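Residue numbers (the UniProt record's numbering), protein chains in the order written: chain A, 1 to 776; chain B, 1 to 776.
What follows is the structure, encoded as structure tokens:
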């Protein structure tokens with residue numbers, strides 16, 4: 001058991017680390033050379049196109065304006081200056097709602113900390129050998145401040161129970177207010193959004209196969225019949241995975257070509273050459289530009305054939321479609337009603353944003369989905385409870401002896417004293433570390449196998465799995481001894497009331513561990529987050545090694561989205577710690593509060609300056625956040641019940657047993673009250689928006705607007721490719737894409753003809769814009 | 001432990017009892033005097049208006065045609081003669097689906113019994129001291145045939161596990177087929193239904209109050225805006241509970257008046273008189289006809305005032321309304337989408353059939369509903385686990401001493417020897433028996449407090465609660481020792497794996513108890529059901545004592561509906577017994593099979609000849625039936641796991657643990673696959689029906705058809721009353737109800753005017769029909 005002094009030392013170390021990170025960040029961010037690492041969001045939004053610098057050559061890379069070094073901590077007030085509505089405009093509602101989770105933590109635990117300090121710490125301190133806050137306190141055990149210091153059977157436990165009640169009510173009140181606020185923010189956000197394809201479009205899955213009729217006709221017939229006045233058009237979904245691979249290869253070649261053309265432009269006296277062998281290291285020497293042009297031409301022919309095959313082959317049309325309606329009302333009705341008599345056919349739901357669609361999962365039939373869900377649930381369960389078994393097995397293999405057997409030529413190196421001791425201390429944990437590093441990816445793959453159709457849903461599901469893993473292996477695993485599956489076994493053989501008791505009794509003893517965890521993972525971790533050491537190094541490495549064209553540099557700069565699947569579950573672990581220790585060891589709360597405040601600053605800065613969200617789900621993750629905080633409250637209640645029952649305050653159990661019931665009821669009420677705002681779209685809002693639009697822009701052509709949106713991205717990128725190609729071979733550009741778009745057999749309905757016309761128009765418009773940019 | 005011989009004796013007794021009941025039934029049913037007790041359904045459907053009899057006066061009461069006595073068991077083939085579609089026509093889909101539950105029982109347990117007898121009984125028998133079926137078997141213990149006879153750690157348990165797998169798969173396959181069949185029957189039934197008001201009508205609850213606008217206007221405005229092309233009209237809901245009481249009183253007086261007028265008609269020389277005092281026993285003697293006419297007139301004036309108050313007072317309009325649409329499509333869309341941005345306002349759902357509406361619960365706000373649900377769940381939990389406490393308390397009071405203290409004048413009687421012993425044997429159980437008799441009523445009241453808006457839902461919810469009670473107190477209570485709350489306590493202190501073991505180990509020992517239970521409650525109980533002793537006695541008593549008019553006789557004859565809340569849960573207990581004992585003691589299965597077959601005969605007869613359903617929910621209870629049978633399967637699997645683990649076949653646990661996972665997955669799949677057919681209405685079907693109707697009867701006036709349906713039944717009955725009054729005072733009949741229908745302040749929109757016109761028209765049409773019948 002660590003004393004307050006030990007904690008103080010640990011805190012000092014972590015604070016110093018965090019400050020070192022912050023200092024490094026403050027120095028690095030004002031160097032122009034790092035501008036694209038620390039402010040990529042502004043480049044993407046177009047507000048910045050090159051780093052601000054002071055003129056001369058050195059100033060291009062290093063900040064020579066020494067005044068800015070004096071104000072190096074000014075990112076904090078800067079991060080706070082932007083108001084929430086501006087953040088929503090700038091970075092989207094997802095980011096704004098994400099920041100609110102940290103504020104929610106402050107709101108819940110701030111007052112809780114004050115009450116706990118005023119009421120519980122005096123009660124705890126007076127319970128043991130110590131009378132009131134005395135001088136000795138600083139050097140005494142931290143347990144003196146916790147519930148451990150209260151004697152068994154003491155009536156003082158009623159103070160703890162009362163505070164638990166107060167805390168639960170306060171947390172629920174805050175959760176309610178926050179849910180309310182986020183729900184209305186979401187509705188406002190959706191209402192204020194400009195006209196978007198997903199507002200008019202519904203994704204229909206499990207389209208049945210009708211003999212002698214093409215899938216497209218089936219969809220057309222069904223929706224014309226059942227949504228006669230609202231149906232507009234639809235977009236079939238093609239199975240274009242193979243095609244996508246070829247397109248990717250072509251893009252790579254195009255990139256090489258651009259690079260070589262650029263090179264040639266800069267030094268026109270020397271045509272660039274390359275060797276055709278492996279990695280360009282050996283083989284025949286050829287003219288690079290000609291070589292790549294030849295390669296691209298070959299690929300294009302391949303693509304043409306493949307594309308024709310996709311459009312012609314009915315096997316490539318998947319039993320799903322994006323169906324568009326002529327009003328938001330029509331789309332809402334279709335998305336929220338049952339279409340077919342067979343409830344597993346014609347499943348409709350809102351179409352995700354076009355950039356949010358996970359195309360590979362669109363065509364999974366219903367039965368397969370059920371089985372996948374079962375298999376993945378079992379796999380997640382196994383992963384959470386038994387992951388340690390294969391790791392231990394790998395560890396036993398990957399020791400020094402095993403290593404020497406596999407790579408015998410390294411033996412002399414391994415046998416060196418300091419390397420040996422390093423490896424011995426390092427290798428056993430390596431498998432575990434690699435596993436933990438791979439874990440989010442594994443969970444994401446599992447979610448993909450489960451068959452969700454949007455990246456936003458995939459990330460939410462991954463977050464759920466990750467939370468479960470953290471809860472069992474980090475939180476419960478730290479408290480109880482032994483591995484998770486050993487615990488599982490012992491729990492199965494313990495009574496229902498025994499389980500919380502077993503865990504509850506060791507909770508106060510683990511307080512110091514969690515305080516250290518908060519400082520290392522939370523404080524120093526957040527400072528690491530703002531420093532962006534990995535992206536910084538990666539950006540400069542890429543810039544030196546592989547960046548050849550402007551497109552490459554943009555790719556290297558790409559800041560990606562906030563990592564919701566990892567960040568949100570980790571964050572919720574802090575809620576859990578706070579809820580559990582609020583009553584047991586209140587001294588932990590200030591550490592959590594500092595984490596929440598600091599993380600809020602950091603992420604506010606990151607959201608404004610760095611991250612660029614891949615999709616916008618309009619805070620669709622909030623119900624999950626809310627549910628998991630409620631789950632945390634329930635866990636804390638059960639653990640307190642267990643803890644108190646070991647303190648022989650047995651008659652407190654019925655008193656505390658009321659709390660979970662109340663909490664669950666509150667959750668159920670919130671679910672009914674707010675969750676529909678995140679899952680459905682009220683007709684009232686659609687009518688308002690439809691009417692508004694009719695007034696503001698009467699007679700708009702929704703069809704042309706909608707029909708372009710849900711083209712398969714590969715077919716779309718193929719068009720880009722094609723048009724780039726058109727730019728190269730100008731004589732073919734006059735009749736863009738005509739050879740490729742032949743009326744597909746069976747699709748010769750007037751509807752389809754219209755659709756094809758639209759595609760042709762699109763080709764033309766894209767071509768025109770590319771052409772213009774080429775000419776200017 | 002009873003031997004097979006004991007079981008045989010018990011079976012004999014019960015078979016004799018059942019046959020005695022059947023004989024009594026066969027004799028009583030062919031007496032004309034009992035015709036209205038045993039064939040009321042035919043009277044209600046209009047196929048019969050008076051008993052068939054053989055002419056003379058005695059033949060009116062007693063069957064003198066002795067030929068019919070010879071064929072007294074012919075009700076069985078008669079009951080089977082009617083085909084299922086005819087039953088649906090005759091008694092509705094609810095009854096037909098109810099009968100299918102019994103057939104499902106036969107389908108599941110028939111093959112299961114064959115397999116168990118062929119495989120398990122030989123295995124069990126060969127396990128112990130006995131070799132194969134020998135002569136001694138008949139007199140030996142019944143346990144020799146059960147799993148108890150297999151030695152611990154025997155590999156033979158794999159036979160039991162395999163049969164459990166087989167049984168589960170077979171049961172799931174049958175459940176799937178049945179769910180499929182019932183779902184398509186429901187869709188066909190709904191599709192074949194003629195035009196009904198509920199197809200066009202949606203019940204909207206939690207209408208918000210808008211300042212300065214009447215509720216009716218609010219509803220009108222909201223739906224005209226959000227369902228502009230589909231909205232037709234709406235019917236406000238009035239709080240008319242007080243009014244209903246007065247109307248009831250008036251009906252009683254009207255009945256007396258009719259009776260006296262009839263009396264006077266039959267003996268015109270003597271005007272009937274009555275005394276005004278208590279029960280007509282003393283007081284002033286008056287002319288009955290004049291007296292009642294006077295009383296009715298007074299009441300009518302009171303009703304008039306009250307009615308005006310209801311229509312004028314905005315406090316009497318409840319925040320709910322029945323909104324009708326001009327097509328089924330429009331109504332379906334409204335019922336299945338979210339209307340308002342605030343998801344707890346404007347809650348829409350299908351309107352129940354007019355006769356199914358439970359009017360009192362229409363206006364409960366959402367928050368109140370949540371709280372009611374919580375309170376009732378807690379109450380049900382307390383009732384199930386702690387009901388024995390107050391009963392024991394009452395029992396301790398209601399012993400002989402207590403009785404003598406309360407009614408001292410009865411002491412001499414109580415002290416008589418045989419009466420004393422009778423009371424001593426009887427009184428202690430009396431409180432429990434009264435409680436069990438009251439239980440369905442208590443549970444129904446609880447469901448009513450929960451706030452459901454239709455009788456069908458109320459009955460389904462009551463059935464769920466009753467099943468829970470039976471499961472804990474009858475099934476588990478019989479197996480484990482001690483009262484339910486003692487068990488609850490011990491379970492809380494036992495490990496999760498210990499619970500099924502504790503119960504599992506005593507299962508084989510209780511087989512004889514359940515066999516007896518099946519014979520007493522099942523076999524004899526069914527024979528009692530068909531005998532209808534209580535309705536028979538009540539009908540004749542009522543006929544003798546209180547039946548005065550034709551209306552009274554019809555009331556006395558009223559057979560009511562099948563008692564779903566009691567029958568279905570009891571029935572499901574047999575599924576549970578079957579599932580649990582199929583593997584453990586297969587000898588129990590034939591008893592259950594006989595019950596299912598016999599009950600099927602009996603209820604087929606009753607459905608055809610007796611019961612008259614109050615509402616038609618189109619088999620909406622089936623998902624509950626399915627879910628509970630699945631729950632029974634899960635319980636049986638866990639109990640078998642527990643039982644086998646006591647048999648030290650410990651390595652069987654993982655093998656069996658797969659079964660619940662598979663069963664739950666199957667359940668989830670079925671829920672997705674079929675439940676929407678019971679909760680939602682597919683747009684495809686509405687379009688078909690709308691189109692069909694447009695072809696068959698173009699240009700029908702849905703508005704006039706719909707607007708009459710959802711008038712509050714009391715206001716409707718008031719109109720009847722009023723028109724009867726008009727008949728009496730002819731001069732006022734020319735301007736029917738004009739004085740009462742004044743435009744209510746604030747309701748003077750054109751829509752409301754239309755609505756009022758409809759009401760006036762309705763008055764006129766009802767008046768016309770009554771007037772015509774009066775003239776002819």
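Even glycine gets a Cβ: it sits at the ideal position worked out from N, Cα and C.
Since this is a predicted model, take the numbers as computed values, not measurements.
Got a sec? Which residues, its chain only, sit under 8 Å from residue i by beta carbon, not counting five neighbours each side?
i: residue 134 of chain B; result: Its pLDDT being 44, under 50, residue 134 of chain B is placed unreliably by the model, and the measurement read from it follows with that caveat. The answer is none, since no qualifying residue turns up.
Identify, in the order they occur along the chain, each residue of the same chain with its Cβ nearer than 6 Å to the Cβ of residue i, setting aside the five sequence neighbours on each side.
i: residue 122 of chain A; result: none
i: residue 547 of chain B; result: 553, 556
i: residue 591 of chain A; result: 515, 518
i: residue 22 of chain A; result: 527
i: residue 788 of chain B; result: Absent from the structure is residue 788 of chain B, since the part of chain B shown begins at 1 and ends at 776.
Less than 7 Å between C-beta atoms, sequence neighbours within five positions excluded: which residues of the same chain meet that for residue i?
i: residue 166 of chain B; result: 115
i: residue 336 of chain A; result: 680
Can you tell me which of the options puts its alpha carbon nearest to the alpha carbon of residue i?
i: residue 697 of chain B; options: B/181, B/194, B/430; result: B/194
i: residue 117 of chain A; options: A/644, A/629, A/587, A/440; result: A/587
i: residue 274 of chain A; options: A/499, A/266, A/260; result: A/260
i: residue 446 of chain B; options: B/646, B/432, B/433, B/466; result: B/466
What does the Cβ neighbour count give for residue i, buried or exposed, with the cut at 16 atoms within 10 Å?
i: residue 38 of chain A; result: buried
i: residue 12 of chain B; result: exposed
i: residue 538 of chain A; result: exposed
i: residue 209 of chain A; result: exposed
i: residue 615 of chain B; result: buried
i: residue 269 of chain B; result: exposed
From residue i to residue j, what distance separates their C-alpha atoms?
i: residue 747 of chain B; j: residue 214 of chain B; result: Because residue 747 of chain B sits at a pLDDT of 38, beneath the cut-off of 50, its placement in the model cannot be relied upon, and the following sentence gives the value as read from the coordinates. Their Cα atoms are separated by approximately 7 Å.
i: residue 357 of chain A; j: residue 453 of chain A; result: 6 Å
i: residue 713 of chain A; j: residue 355 of chain A; result: 9 Å
i: residue 204 of chain A; j: residue 18 of chain A; result: 50 Å
i: residue 611 of chain B; j: residue 95 of chain B; result: 9 Å
i: residue 473 of chain A; j: residue 503 of chain A; result: 13 Å
i: residue 647 of chain B; j: residue 480 of chain B; result: 18 Å
i: residue 674 of chain A; j: residue 187 of chain A; result: 11 Å
i: residue 109 of chain B; j: residue 103 of chain B; result: 10 Å
i: residue 373 of chain A; j: residue 449 of chain A; result: 8 Å
i: residue 225 of chain A; j: residue 463 of chain A; result: 41 Å
Sequence ranges, alpha helix (DSSP H) only - wholly within the segment 78-121 of chain A, length at least 4
84-91, 93-115
Which parts of the segment 271-345 of chain B are runs of the beta strand (DSSP E), unbroken and 3 residues or longer, counting only runs that do not cross its ends?
273-275, 285-287, 317-325
Starting from the N-terminal side, write out each stretch of the alpha helix (DSSP H) that is 4 residues or longer and does not extend beyond the segment 682-720 of chain B.
683-696, 702-707
Within the segment 445-483 of chain A, note down every full alpha helix (DSSP H) run reaching 4 residues or more, in order along the chain.
455-469
Identify every run of the beta strand (DSSP E) within the segment 173-216 of chain A, keeping only runs that are complete inside it and at least 3 residues long; order them along the chain.
201-205
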